[in-house]
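*Asks:* Have a look at this one.
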Amino acid sequence: MPSIYKIFKGIILINFTLFHISSANPSALILECALTTTKPTSPLETIPIPPINAGNTQLSSPIMTLAHIAVGRGIQNYTCTGPGAAPVAIGAVATLYDATSLAYVSGNCLHQVPPRAVYLPLPPPTFTHTPKLGPLPFLGHHFFDAAGTPVFDLSPKKSILFAEKKSSIKAPLGANKGPAETGAVDWLFLTDKGGTYTSVGLSQVYRVVTAGGVGPTCLGAGVETVEYAAEYWFYK
328 MPSIYKIFKG IILINFTLFH ISSANPSALI LECALTTTKP TSPLETIPIP PINAGNTQLS
388 SPIMTLAHIA VGRGIQNYTC TGPGAAPVAI GAVATLYDAT SLAYVSGNCL HQVPPRAVYL
448 PLPPPTFTHT PKLGPLPFLG HHFFDAAGTP VFDLSPKKSI LFAEKKSSIK APLGANKGPA
508 ETGAVDWLFL TDKGGTYTSV GLSQVYRVVT AGGVGPTCLG AGVETVEYAA EYWFYK
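Sequential numbering from 328 applies to the sequence shown in my numbering.
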């Protein structure tokens, strides 16, 4: 449950986040959100819920406790066996930015961030640098380990999730196709993998509101990368 400080911080973040992302991307429309100048009356009692319905299908509803909400910005990786072959997903690398406060104040504003963020420059591919996405602070990294397990390392929160996919649905019609114009990757529900892996502080994550990331048409053999952005909703 966020503090009053975090709620007001979220209100301020709406102004700064949308201005920064809109002005940094000339092709993006200026985002307009109605902001209250009075004390919020309900955010402390209202827990944000991820948009799990993508049209005709939906992901399972969350039943655990919401921990963090992030905007991820990075690349999806694919391998091609030759011209005309179907690209095969082999993982992803993304930097995660803390959007929890923003989500508590305005989910609608949060959902406008990934379609704009996907056009911003990619973060440096390093685990020692902690950049921001506008005013959104660094939250962690998403990557796949050598065994192909998706990892969400939220080091500032001393939490980590070793995950496995439980279900997926196609992104909604009209979802942002990304800079490569290949389409928006699926929405996902992932849970703790368990076994030889030990997650800390996290048990589930939803990937929703995706922009870009679908594999390209294979023109030859090799590895292809496609830029994407998405929301990640973490539960404990």
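Idealized CB from N, CA, C, for every residue including glycine.
Since this is a predicted model, take the numbers as computed values, not measurements.
Going by beta carbon distance, what residues of the same chain come within less than 7 Å of residue 510, once the five residues before and after it are set aside?
*Replies:* Same-chain partners within the cutoff: 504, 541.
*Asks:* Go ahead and pull the three-state DSSP assignment for residue 553.
*Replies:* Here residue 553 sits in strand by DSSP.
*Asks:* Would you tell me roughly how many angstroms separate the C-alpha atoms of residue 434 and residue 409, rounded to the nearest one?
*Replies:* If you take the alpha carbons of residue 434 and residue 409, they lie about 42 Å apart.
*Asks:* Can you list, in chain order, the residues of its chain with a C-beta nearer than 8 Å to that of residue 445? Leave out the 5 residues immediately preceding and following it.
*Replies:* Excluding sequence neighbours, residue 445 sits near 400, 503, 505, 506, 538, 539, 554, 555, 556.
*Asks:* Is it the case that the Cβ atoms of residue 463 and residue 424 are separated by a distance below 8 Å?
*Replies:* Yes, these two residues count as a Cβ contact at 8 Å.
*Asks:* Check this for me: beta carbons of residue 407 and residue 547, under 8 Å apart or not?
*Replies:* Cβ atoms of residue 407 and residue 547: closer than 8 Å.
*Asks:* In angstroms with no decimal places, state the Cα-to-Cα distance between residue 498 and residue 379.
*Replies:* Going from the Cα of residue 498 to the Cα of residue 379 covers about 10 Å.
*Asks:* DSSP three-state call for residue 446: helix, strand or coil?
*Replies:* Coil at residue 446, not helix or strand.
*Asks:* What are the partner residues of residue 562, as DSSP defines its beta bridges?
*Replies:* The partner list for residue 562 (beta bridge, DSSP) reads 393, 531.
*Asks:* Taking C-alpha atoms, which residue in 393, 528, 477, 513 lies nearest to residue 483?
*Replies:* When each option's Cα is compared against that of residue 483, the closest is 528.
*Asks:* Is residue 387 buried or exposed, if buried means 16 or more other CB atoms sit within 10 Å of its CB?
*Replies:* Label assigned to residue 387: exposed.
*Asks:* With DSSP collapsed to three states, give me the class of residue 520.
*Replies:* In this structure, residue 520 counts as coil in the three-state DSSP scheme.
*Asks:* Just the Cα atoms here: how many angstroms apart are residue 522 and residue 563?
*Replies:* Between residue 522 and residue 563, the C-alpha separation is close to 18 Å.
*Asks:* Compare the beta carbon distance of residue 565 and residue 530 with 8 Å and say whether it is the shorter of the two.
*Replies:* Lying before the first or after the last residue shown, residue 565 is absent from the chain, which here runs from 328 to 563.
*Asks:* What residues are listed by DSSP as bridge partners for residue 425?
*Replies:* Answer by DSSP bridge pairing, in chain order: 397.
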